[in-house]
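Listed in order, the protein sequences are those of chains A and B.
Using the numbering used here, the first residue of the first sequence is number 1105, and each one after it goes up by one.
Using the numbering used here, the first residue of the second sequence is number 11, and each one after it goes up by one.
Where is the CB? At the ideal position from N, CA and C, for every residue including glycine.
Predicted model, so just to flag it, every value in this text is computed and none were measured.
For reference, the structure discussed in these notes is given below.
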Amino acid sequence: MAFTSSLEIIRNVAKITLTGRLDASTATQFRDLVDQAAAQKVKAVALLLKDLEYMASAGLRVIVFARQKMGVAVKLYVVAPQDIVRETIEVSGFSQAVVLLPAYDAAVIEGK
Amino acid sequence: MNPPEGAPPAKSIVLPGALESLGPLADFVHAAARETGLDQKAAYRLHLAVDEVATNVITHAYAEKGVQGSIHLHAQVDPDALRIHLEDTGEPYDPTVQSDPEDINLPLEERGVGGLGIFLAKRNVDGFHYERRGDRNRVTFVVKRPPGQA
Chain A
1105 MAFTSSLEII
1115 RNVAKITLTG
1125 RLDASTATQF
1135 RDLVDQAAAQ
1145 KVKAVALLLK
1155 DLEYMASAGL
1165 RVIVFARQKM
1175 GVAVKLYVVA
1185 PQDIVRETIE
1195 VSGFSQAVVL
1205 LPAYDAAVIE
1215 GK
Chain B
11 MNPPEGAPPA
21 KSIVLPGALE
31 SLGPLADFVH
41 AAARETGLDQ
51 KAAYRLHLAV
61 DEVATNVITH
71 AYAEKGVQGS
81 IHLHAQVDPD
91 ALRIHLEDTG
101 EPYDPTVQSD
111 PEDINLPLEE
121 RGVGGLGIFL
131 AKRNVDGFHY
141 ERRGDRNRVT
151 FVVKRPPGQA
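See the structure below:
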């Protein structure tokens, strides 16, 4: 499946939806959205990954980029990743730096 | 153009040494995995391993050095395992001896971004081998076949 990415910013939360295959040829699109979100000074970023079928280390590098660009005060949520994508995130040592959620939880992410 | 339905997948493919080749690379690996009877998880892991090594070659051996090159893939279906051979014409480089990232347990804000790809490649296949053959690097990825599939 082709890669798609989209960004929606609501109440200072950047929701980035990724679908399809995220590899080094498509990671720049994801990075561009992180750049846009950073420019808006959001307080949290939620990566909505339900339909992301594949993620290579190029995607992990964008998550590192997001953390380093936005600073530790901005929370990073990874929402509904498929099992094998979550496994890649975990074995790479990212699970302490992002919050993994099984579904979008407005109470947690938006602080409502 | 897609091959006709039911046609056996190509056993070899030569792709330009560019990131745009990662899509066709994925299709090639998944077709070989299907033919071999690997389940989806094993196919995913093999794809990840091959993708990471190819990305390294394209990025470091070709693009950063201003060198044009190709990625040669060959699928070898043996009774015990599926072997994917990836060859490139970059300078000699053995990814199997690359050490794992040392900072894997550091907070993200303190981490480097190198080394993760080969780390993932190694841990997602049953065998990961390197040899220099003439002017080419050859990396072989081995995935054992499930019992009864040989």
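| Item | Value |
| --- | --- |
| Would you mind stating whether B:T99 and B:R143 have Cβ atoms separated by less than 8 Å? | no |
| What does A:L1164 touch in chain B if you count any residue whose Cβ is under 7 Å from its own? | L126 |
| What are the boundary residues of the beta strand (DSSP E) that includes B:P26? | S22 to P26 |
| What residues from the stretch 33-45 of chain B come within 8 Å of chain A, judged by C-beta to C-beta, listed N to C? | G33 and A36 |
| Does A:M1174 pass the burial test, meaning 16 or more other C-beta atoms within 10 Å, or should it be called exposed? | buried |
| Output the distance between the C-alpha atoms of B:E45 and B:A53, rounded to the nearest integer angstrom. | 11 Å |
| Give every residue of the same chain whose Cβ lies closer than 7 Å to the Cβ of A:G1163, excluding the five residues on either side of it in the sequence, and list them in chain order. | L1126, A1131 and F1134 |
| Quick one: using the 10 Å Cβ neighbour count with 16 as the cut-off for buried, is B:P156 buried or exposed? | exposed |
| At the level of alpha carbons, what is the spacing between A:V1195 and A:Q1186? | 14 Å |
| When you compare only the Cα positions, how much space is there between B:E62 and B:A73? | 15 Å |
| List the residues of chain A whose Cβ lies closer than 7 Å to the Cβ of B:K51, in chain order. | I1188 |
| If you reduce the DSSP assignment to three classes, tell me which class B:K51 lands in. | helix |
| Answer yes or no: do B:A64 and B:L32 have a C-beta to C-beta separation smaller than 8 Å? | yes |
| Below 8 Å on C-beta distance, what does A:S1109 contact in chain B? | Within 8 Å Cβ-Cβ: nothing; A:S1109 doesn't reach chain B, min ~16 Å. |
| With a threshold of 16 other CB atoms inside 10 Å of the CB of B:G127, please say whether the residue is buried or exposed. | buried |
| Would you kindly work out how many angstroms separate the C-alpha atoms of B:E101 and B:A36, rounded to a whole number? | 24 Å |
| Whose C-beta lies closer than 7 Å to the C-beta of A:I1213 among residues of the same chain, with five residues either side of it excluded? | V1117, A1148, A1150 and Y1181 |
| Buried or exposed: where does B:P89 fall if 16 or more other Cβ atoms within 10 Å of its Cβ makes it buried? | exposed |
| Please identify the residue among B:V24, B:E141 and B:P111 whose C-alpha is closest to the C-alpha of B:I81. | B:V24 |
| How would you label B:N134, buried or exposed, when you count the other beta carbons within 10 angstroms and need 16 or more for buried? | buried |
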